[in-house]
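Asks: In this note's numbering, the protein residues as written are 2 to 385.
The beta carbon of each residue, even a glycine, is placed where N, CA and C say it ideally should be.
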């Protein structure tokens with residue numbers, strides 16, 4: 002039996018705020034904070050003398066995350082952010098196909114999902130939402146003979162709609178298309194099997210639901226994808242060195258990129274924050290990802306129950322649990338969402354404003370009392 006009150010004690014943010022901004026950035030629990038500060042303390046006192054130990058721990062973290070998405074660590078890299086990851090993908094597609102092709106994506110996508118393709122001059126076809134949902138039949142209707150990829154978020158950032166990724170992956174496979182998934186608003190909360198879901202490329206910025214601070218994006222690529230679309234940029238860590246050195250110092254000789262996802266490791270990174278991610282994954286795994294997911298659904302169900310008592314519209318799809326996530330977006334029927342957002346902030350209730358709606362994103366450290374505080378201040382605002 003999980004004692005959620007004990008877990009809540011690991012999140013000092015709960016002493017200051019009713020925090021529902023986890024879809025923007027989640028706070029870190031104390032054990033993760035300690036792991037990050039200890040990593041920097043080691044740099045402070047000893048420089049990088051233990052860099053090999055840090056690398057070994059980061060490789061353990063990468064193997065742990067790879068197991069969570071059911072793949073090998075050699076298929077996983079870390080990149081500065083999802084925008085950069087998908088820019089690299091867009092560049093690779095452009096290099097192979099040139100002109101005259103398109104990708105299909107959703108009209109509600111966060112810009113990091115669609116802007117990289119548009120910036121390369123690639124035609125982007127947008128599927129329109131129906132009641133905040135993107136029906137797979139509608140997505141398939143947008144595919145034509147020039148389509149090369151389906152690009153989608155697993156969970157939509159503004160509405161919380163959770164796509165049936167496995168079913169959509171079958172559509173991509175049926176039409177011989179690349180399947181590119183932004184899992185930022187889903188990972189590591191929801192179960193992912195990249196092979197079963199037919200995912201070719203997956204990126205996920207983990208500072209949202211990973212409770213780890215800014216570590217960049219986990220970037221999965223399948224071996225077949227890397228074979229057909231090798232990385233269009235390179236750096237000293239993404240190419241294989243000569244046998245007698247780990248630094249590729251050769252000149253006027255061809256460089257050979259790693260065949261693994263190491264081809265995306267262009268240069269040095271913030272290893273100290275990666276050690277925080279290692280601690281976060283271990284912390285969450287100790288609680289149990291199934292337990293965390295169940296807890297988030299339990300809190301959001303209570304939230305929905307309370308919201309239904311107020312004069313507002315719930316924008317997020319909530320009738321089917323398979324379409325729900327940790328995001329519940331609302332619109333007030335007779336008042337300003339923007340003014341309400343500011344009012345809540347003044348009352349130490351952290352939400353966000355997305356697509357003009359108030360986005361509420363509880364996590365596993367939240368409780369019913371947090372929801373009651375939110376609803377209390379919503380009621381007060383609506384009385385004004």
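Between residue 198 and the rest of its own chain, which residues show a CB-CB distance below 7 angstroms, the 5 nearest in sequence each way excluded?
Replies: Correct list, in chain order: 166, 167 and 170.
Asks: Would you mind giving the Cβ-Cβ distance between residue 31 and residue 51, rounded to the nearest angstrom? I have them listed as a contact below 8 angstroms.
Replies: The Cβ separation is near 23 angstroms, so there is no contact.
Asks: Should residue 63 be labelled buried (16 or more other beta-carbon atoms within 10 Å of its own) or exposed?
Replies: Buried, because 16 or more other Cβ atoms sit within 10 Å of the Cβ of residue 63.
Asks: Going along the chain, which unbroken runs of the alpha helix (DSSP H) with 4 or more residues stay wholly within the region 8 to 74?
Replies: Whole alpha helix (DSSP H) segments, 4+ residues: 31 to 47 and 52 to 69.
Asks: For residue 317, is the classification buried or exposed, using 16 other Cβ atoms within 10 angstroms of its Cβ as the cut-off for buried?
Replies: Label assigned to residue 317: buried.
Asks: Run the CB neighbour count on residue 371, radius 10 Å, all protein chains shown included, and call it buried at 16 or more, exposed below.
Replies: Buried, by the Cβ-count rule.
Asks: From this set, 325, 146 and 130, which residue's C-alpha is nearest residue 139's C-alpha?
Replies: Taking only the C-alpha atoms, the option nearest residue 139 is 130.
Asks: How many angstroms separate the CA atom of residue 71 from the CA atom of residue 347?
Replies: One C-alpha to the other measures close to 43 angstroms.
Asks: State buried or exposed for residue 93, treating a residue as buried only when at least 16 other CB atoms are found within 10 Å of its CB.
Replies: With 16 or more other Cβ atoms within 10 Å, it is buried.
Asks: Rounded to whole angstroms, what's the CA-CA distance from residue 187 to residue 155? Just pull it up for me.
Replies: Residue 187 and residue 155: Cα-Cα distance of roughly 7 angstroms.
Asks: When you compare only the Cα positions, how much space is there between residue 173 and residue 89?
Replies: One C-alpha to the other measures close to 20 angstroms.
Asks: Tell me whether the beta-carbon of residue 215 lies closer than 9 angstroms to the beta-carbon of residue 158.
Replies: No; because the gap between Cβ atoms is not below 9 angstroms, this pair is not in contact.
Asks: Would you mind reading off the limits of the alpha helix (DSSP H) that contains residue 342?
Replies: Where residue 342 is concerned, the enclosing alpha helix (DSSP H) stretches over 338 to 347.
Asks: Helix, strand or coil: how does DSSP classify residue 216 here?
Replies: Residue 216 falls in the coil class under three-state DSSP.
Asks: Check for me: the alpha helix (DSSP H) holding residue 84 runs from which residue to which?
Replies: That run of the alpha helix (DSSP H) goes 83 to 98.
Asks: Quick one: Cα of residue 286 to Cα of residue 293, how far?
Replies: Computed Cα separation, rounded: 9 angstroms.
Asks: Let me confirm a value: residue 41 is counted as buried when at least 16 other C-beta atoms fall within 10 Å, else exposed. Which label applies?
Replies: The residue is exposed, with fewer than 16 neighbouring Cβ atoms inside 10 Å.
Asks: Which full runs of the alpha helix (DSSP H) of 4+ residues lie inside the region 126 to 170, going along the chain?
Replies: List check, alpha helix (DSSP H) in window: 137 to 142.
Asks: So residue 275 is in the beta strand (DSSP E); what residue range does that whole segment cover?
Replies: Element bounds for residue 275: not the beta strand (DSSP E) but the alpha helix (DSSP H), 272 to 288.
Asks: Are three or more beta carbon pairs between the region 302 to 315 and the region 326 to 338 nearer than 8 angstroms?
Replies: The answer is yes - the region 326 to 338 touches the region 302 to 315, with three or more Cβ pairs under 8 angstroms.
Asks: Within the same chain, show all residues whose beta-carbon is closer than 7 angstroms to that of residue 274, passing over the 5 residues directly before and after it, in chain order.
Replies: Only 37, 214, 215 and 216 meet the Cβ criterion.
Asks: Using 8 angstroms as the cut-off, can you tell me whether the region 354 to 364 makes contact with the region 19 to 33, which would need three or more C-beta pairs spanning the two stretches below that distance?
Replies: With a cut-off of 8 angstroms, the region 19 to 33 and the region 354 to 364 count as touching, because enough Cβ pairs lie within range.
Asks: Buried or exposed, going by whether 16 or more other CB atoms sit within 10 Å of the CB of residue 264?
Replies: That one is buried.
Asks: From residue 103 to residue 176, what does the alpha carbon distance come to, in whole angstroms?
Replies: Roughly 14 angstroms separates the two Cα atoms.
Asks: How should residue 248 be labelled, buried or exposed, when 16 other C-beta atoms within 10 angstroms of its C-beta is the threshold for buried?
Replies: Residue 248 is exposed by the Cβ-count criterion.
Asks: Buried or exposed for residue 325, please, with buried defined as at least 16 other CB atoms from any protein chain shown within 10 angstroms of its CB.
Replies: With 16 or more Cβ atoms within 10 Å of its Cβ, residue 325 is classed as buried.
Asks: Where does the unbroken beta strand (DSSP E) through residue 79 begin, and where does it stop?
Replies: Start and end: 77 to 80.
Asks: Between the beta-carbon of residue 185 and the beta-carbon of residue 218, is there less than 9 angstroms?
Replies: Taking 9 angstroms as the Cβ cut-off, residue 185 and residue 218 qualify as a contacting pair.
Asks: So, residue 221 versus residue 200, is the Cβ gap smaller than 9 angstroms?
Replies: Closer than 9 angstroms, so yes.
Asks: Give the DSSP bridge partners of residue 103, in chain order.
Replies: DSSP, once it has assigned bridges, lists 124 and 148 as partnering residue 103.
Asks: Suppose you measure from the CA of residue 238 to the CA of residue 35; what does that come to, to the nearest Å?
Replies: The alpha-carbon atoms of residue 238 and residue 35 are separated by roughly 29 angstroms.
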